[in-house]
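The block underneath contains the structure these notes are about, expressed in structure tokens.
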Amino acid sequence: MGQDMNADVVIVGGGLAGLAAGLTAAAGGARVSVLEQGADPRYLCNSRITMGVFQIALNDMESGAAALVGAITQATRGHVDPALAERYAGEAANSIRWLRAQSIRLIRGGAAAANLGVLSPPVLRRPGLHWEGRAGDVMLRQLTGNLEQLGGALHRGVRARELVMEGGHCVGVVATRGDETLRWRGGAVVIADGGFQANPDLVRQHISKSPEKLLQRNAGTGRGDGLLMAQAIGADVTELEYFYGHVQSRDAMHNATLWPYPTMDFPVAAGMAVDAQAERFTDEGLAGVAIANAVARLDDPLGAIAIFDQAIWEASAKTYVMSANPFLIDAGGTLLRADTIAELADRTGLPGDALARTVADYNHAVEANEFSKLTPPRSLDHPHPWGSRPMPIRQPPFVAVPLCAGLTYTMGGLKVDPQARVLHTQGQPITGLFAAGGSIGGLEGGPYVGYTGGLAKALVFGRIAGASALALCKPKSH
Ligand SMILES: Cc1cc2nc3c(=O)[nH]c(=O)nc-3n(C[C@H](O)[C@H](O)[C@H](O)COP(=O)(O)OP(=O)(O)OC[C@H]3O[C@@H](n4cnc5c(N)ncnc54)[C@H](O)[C@@H]3O)c2cc1C
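Counting in this note's numbering, the sequence shown runs from -14 upward without gaps.
Structure (structure tokens):
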């Protein structure tokens, strides 16, 4: 026997996207139910453990729509849905102002980045996860309180399982709480479940042959329920093969103080990454997010090793707030040093001749400034501020760090239009169904794995989905 509940807008997921949607709809007079699978008052989700930097393609959200469209296009090199990019950029400034009006405090700089808005109080500048009482934790508590003040409800411990369709319209959700089945009927449904990064079958299908060899650099809550529920009723999807994440020490697979920080992005981007045969396998010039994707796609994603030298360790490895130097050492991560490349090969177990040749070819390319002849070629024109210029690997001690790919969230997902309406495989919007945040695709990824912002995407499209859902159901609620 199931219980039947009613709302105007039913939202799947109580992260930033779901709460932004809920608050927007509730502020317009809709009765809102947010279904959240986590039962704990401080249920985990990516929004709670986030570093908290609000940005679009690493630009301030108040930079102006035209500049932001340019930054998105540049970061993705045009592999983005132009109509979505326009809407994303166009709503960015209003969205961040709306967030401040919700009493969410943003500071400039903090632990993260000099000129971007960061949730306050910021996360601690320390290896490992430290979210309690900071950044996303404070934001979610405030937003939940605001929602409840508007009469909205957050139902914890409720996992959405299935969408209910009537005459081609989405009219509700079937969910479970323990053994109990609950049915929510609503004028509109918003999917905001955060992505499918923590679903090994979907990750194997789309991202890596060996999901168990990827680091779950996330809250473990995005299990692709929204994607699967929506696909079951005919929804279209896009670019499921790319993810946002970082290159991390392989020790992070078993040492929790080594994730989500420090990352190894910067020393790898200034030096090189090799596979178990001591061959380069990716264009390090595309920077850390793209390198992490390439590591995940290797036959053995736990076979990659960063190779660099003392000069890189002293320069690039100190870049970024939670830098490899010194946090990798502080947290007990493996860092192998040797006076010669031959000795480094011995210490890492890499084939010595191959490593010597790969390093020599690379050094030659740096000296001759001829990167196109490398296999694979290395680009220099990456627009990403996280990119690094290649440095020679000449100054002993030479350094190796075993790597893994840290998967934070999936960049692809449900196909939506600029109103956040989920599109059917035949192209038309599915009436009553909306999606936002980590559940949607079309705004990042592509072959250059352009990163355009996790929090911003959740905030902006959460608000758009809430407004669209409100517009659809309001006639029924008044
Ligand atoms: C360590 C870390 C650092 C980050 N730092 C940044 C940063 O500085 N800047 C940035 O822009 N981005 C950052 N991100 C990414 C950003 O935090 C996320 O992209 C964003 O918070 C996603 O919000 P969301 O609401 O879409 O998903 P989430 O916050 O993950 O929320 C989804 C919610 O849906 C719930 N759910 C899932 N399935 C169901 C179901 N079937 N039924 C009911 N509930 C369900 C989950 O339990 C979860 O609570 C970071 C992420 C991590 C992990």
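Virtual Cβ for every residue (Gly too), placed ideally from N, Cα, C.
Contacts around residue i, its chain only, beta-carbon distance under 7 Å, and the 5 residues preceding and following it disregarded
i, result
"PRO196", "PRO185, VAL188 and ARG189"
"LYS461", "Residue placement at LYS461 is flagged as unreliable, the pLDDT there being 46, under the threshold of 50; a coordinate-derived value is accordingly withheld."
"VAL54", "ALA70, GLU71 and ALA74"
"PRO432", "HIS64"
Check whether residue i and residue j have beta carbons under 9 Å apart
i, j, result
"LEU399", "VAL222", "yes"
"MET396", "GLY447", "no"
"ALA309", "ALA302", "yes"
"ALA289", "PHE266", "yes"
"ALA255", "ILE297", "yes"
"THR437", "ILE89", "no"
"MET214", "GLU165", "no"
"ILE(-4)", "ALA6", "yes"
"ILE78", "LEU104", "Before going on, a small fix: residue 78 reads as Ala here, not Ile. Contact: no."
"LEU101", "LEU8", "no"
"ALA441", "GLY423", "no"
"ALA421", "GLY3", "yes"
"PHE383", "ASP294", "yes"
"VAL17", "GLY142", "no"
"ALA454", "PHE419", "yes"
"VAL306", "ARG110", "yes"
Exposure label - residue i; buried when at least 16 CB within 10 Å
i, result
"SER357", "exposed"
"SER32", "buried"
"GLU76", "buried"
"LEU365", "exposed"
"GLU352", "exposed"
"GLU21", "buried"
"GLU224", "buried"
"ASP(-7)", "buried"
"GLN182", "buried"
"ALA145", "buried"
"ASP25", "exposed"
"GLY412", "exposed"
"GLN134", "exposed"
"ASP122", "buried"
"ASN354", "exposed"
"THR61", "buried"
"ALA177", "buried"
"ALA241", "exposed"
Straight-line gap, residue i to residue j (C-alpha atoms, nearest Å)
i, j, result
"ALA279", "PHE228", "10 Å"
"VAL401", "GLY426", "7 Å"
"LEU1", "ARG27", "13 Å"
"MET257", "GLN87", "44 Å"
"GLU328", "ALA261", "16 Å"
"ALA217", "VAL174", "15 Å"
"GLY(-2)", "VAL274", "26 Å"
"GLY37", "MET124", "9 Å"
"GLY179", "GLY209", "8 Å"
"GLY207", "LEU392", "11 Å"
"ARG162", "ALA452", "28 Å"
"PRO387", "PRO252", "12 Å"
"ARG406", "ALA450", "7 Å"
"ASN(-9)", "GLY153", "19 Å"
"LEU465", "ASP66", "There is simply no residue 465 to check, as the chain begins at -14 and stops at 463 in what is shown."
"PRO403", "PRO107", "32 Å"
"ALA96", "GLY211", "For ALA96, the pLDDT reaches just 49, beneath the cut-off of 50, and the residue's location in the model is therefore unreliable, although a value from the coordinates is still provided. Approximately 33 Å, taken between the alpha carbons."
Same chain, Cβ closer than 8 Å to residue i, neighbours up to 5 away in sequence not counted
i, result
"PRO362", "ASP268 and PHE356"
"VAL149", "CYS155, VAL156, GLY157, VAL158, VAL159, ARG168 and ARG170"
"THR410", "GLY219, ALA220 and ASP221"
"TRP243", "It is Leu, not Trp, that sits at residue 243 in the sequence shown. Cβ neighbours of LEU243 beyond the five flanking positions: PRO112, GLY113, GLN233, SER234, ASP236, ALA237, LEU313, ALA316, GLY317 and GLY318."
"ASP331", "ALA323 and GLY337"
"ARG93", "ALA99, ASN100, LEU101, GLY102 and VAL103"
"LEU29", "GLY23, ALA204, GLY205 and THR206"
Cβ neighbours of residue i in the same chain (closer than 6 Å, five flanking residues each side left out)
i, result
"VAL344", "ILE326 and ILE378"
"HIS231", "THR248, ASP250, GLY273, ALA277 and GLY391"
"LYS198", "PRO286 and LEU287"
Which residues DSSP lists as bridging residue i, in chain order
i, result
"ALA385", "ILE292 and LEU321"
"VAL(-6)", "VAL17 and ALA173"
"VAL351", "Note: VAL351 sits in no beta bridge, so no partner."
"PRO414", "LEU408"
"VAL54", "Its beta-bridge partners do not exist; DSSP assigns none."
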